[in-house]
Structures are given as C-alpha cells and as structure tokens.
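Enquirer: Residue numbers (the UniProt record's numbering): 1 to 167.
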Ligand SMILES: Cc1cc2nc3c(=O)[nH]c(=O)nc-3n(C[C@H](O)[C@H](O)[C@H](O)COP(=O)(O)O)c2cc1C
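1) Just the C-alpha distance for residue 115 and residue 42, rounded to the nearest angstrom, thanks.
2) Given residue 69, which residues of its chain have a CB within under 8 Å of its CB, disregarding the five upstream and five downstream residues?
3) Between residue 64 and residue 101, what straight-line distance do the alpha-carbon atoms span, to the nearest angstrom?
4) According to DSSP, is residue 133 helix, strand or coil?
5) DSSP puts residue 31 in a beta bridge; with which residues?
6) Which of helix, strand or coil does DSSP assign to residue 153?
7) Using a threshold of 7 Å, state whether the C-beta atoms of residue 72 and residue 15 are closer than that.
8) Go through its chain and collect everything with a Cβ distance to residue 8's Cβ below 8 Å, but skip five positions before and after it.
9) Can the beta-carbon of residue 62 be found less than 7 Å from the beta-carbon of residue 134?
10) Residue 161 and residue 47: beta carbons closer than 7 Å?
11) For the candidate residues 66, 99, 91, whose alpha-carbon lies nearest to that of residue 79?
12) Assuming residue 100 is part of the beta strand (DSSP E), what are its boundary residues?
13) Hey, would you say the C-beta of residue 33 is under 6 Å away from at least one heavy atom of ligand 1?
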C-alpha cells in the first residue's frame, strides 16, 4: 500500500474522547460543555488536561475558579451531549434544560454530573495556550464511580461502561 500525504491536520489523533467538563462560576452558576481535546498527562501525581476554546462561556468559569470536573459520558446521553456541546450557558441554563442531575464535588465546588458513571474532580495547576485551545492541566483531587464499576483493588472496570463515541 502506497502512503500519500494528508493535508488536513485538524484533530490528527483518533479516537478522541467524548467528555463532559462541568464547572461552577464565581456567581454559583453551573455549566457543562462537550470536550474532545483532552487526555491523561501524568500518573504521579495524577493529572488530566482539557482543552477549552477561550470563546466558550465555560472558559471564563474555569479560569476564574481554577476548578472543573471531567465526566465520562455513556452512550445513552448522546442527545444531551449534542445539546451541551452546541448551546452556550450565555443563552440557556443548559444543565437545568437538559434535566441533568448534579451535586457539588467533594473537593471542589464544581458540580459532578450524576448520570455520568465516572466523575473526576480537578483543580487547575497550570495552563498552556496551544493555539485554538487553552490546555488546562488539572490535578486529580477525587474520583467518583458507580459502585458496580469498582473492583476490590479500587480500579475502575472501564469495559463495563458503554462509552459514547460521538462521531
Ligand atoms: C463532539 C464535540 C466536541 C467538542 N470539543 C470541544 C473541545 O475540546 N473544546 C472546546 O472548547 N469546545 C468543544 N466543543 C464545543 C463546545 O462543547 C460548545 O461550543 C459548547 O456549546 C460551549 O458551551 P459553553 O459556552 O456553555 O461553555 C465540542 C463540541 C462537540 C459537539
């Protein structure tokens, strides 16, 4: 098989994760947006990074509070994911409209989304403007998981989650 050059570099790595990043503004407003530019970036200490475009309403909320929650998304939330990833909190209270149940985190004020099987509470330790996105490096402070997903050693069995593959 011959190789040919690919000219479209947008999102070269695949698959991309389909995550919901939730946050709470300094005024107490709650929000979540769809995020695909994200990944693990350290295991000692545990860190994850999420890439947020500065025009997102969530960008200001995370910048001001230094906190966010990464929520893994199951396939059955596909429609709500599409909604949270296309409408801005500037225009609508998205979590209320989508009837997404949430509660305050244990270590952070940002909300955990209760319909998501895994919720990773993070505090921002650094950020890098990479271009279109600002990558927020989040120190993992606390992880919640549905009890049926956690084995006796405290590991999450990801094979039990029917994760959304949005595209
Ligand atoms: C599949 C998918 C992936 C997305 N990935 C990102 C992302 O990685 N970073 C980002 O800033 N926006 C991403 N978005 C767009 C935001 O989720 C969208 O603009 C959202 O409405 C912003 O909401 P907010 O203004 O309330 O923060 C994605 C949208 C979809 C549908």
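Cβ atoms here follow ideal geometry from the backbone N, Cα and C, with glycine treated the same way.
Expert: Quick answer:
1) Rounded to whole angstroms, residue 115 to residue 42 spans 27 Å at the Cα level.
2) 21, 22, 23, 105, 108, 110, 111, 112, 113, 119, 120, 121, 122
3) 24 Å
4) Residue 133 carries a coil assignment under DSSP once its states are collapsed to helix, strand and coil.
5) 23
6) coil
7) no
8) none
9) no
10) no
11) Of all alpha-carbon atoms in 66, 99, 91, the one lying nearest the alpha-carbon of residue 79 is that of 99.
12) No beta strand (DSSP E) contains residue 100, which DSSP labels as neither H nor E.
13) yes
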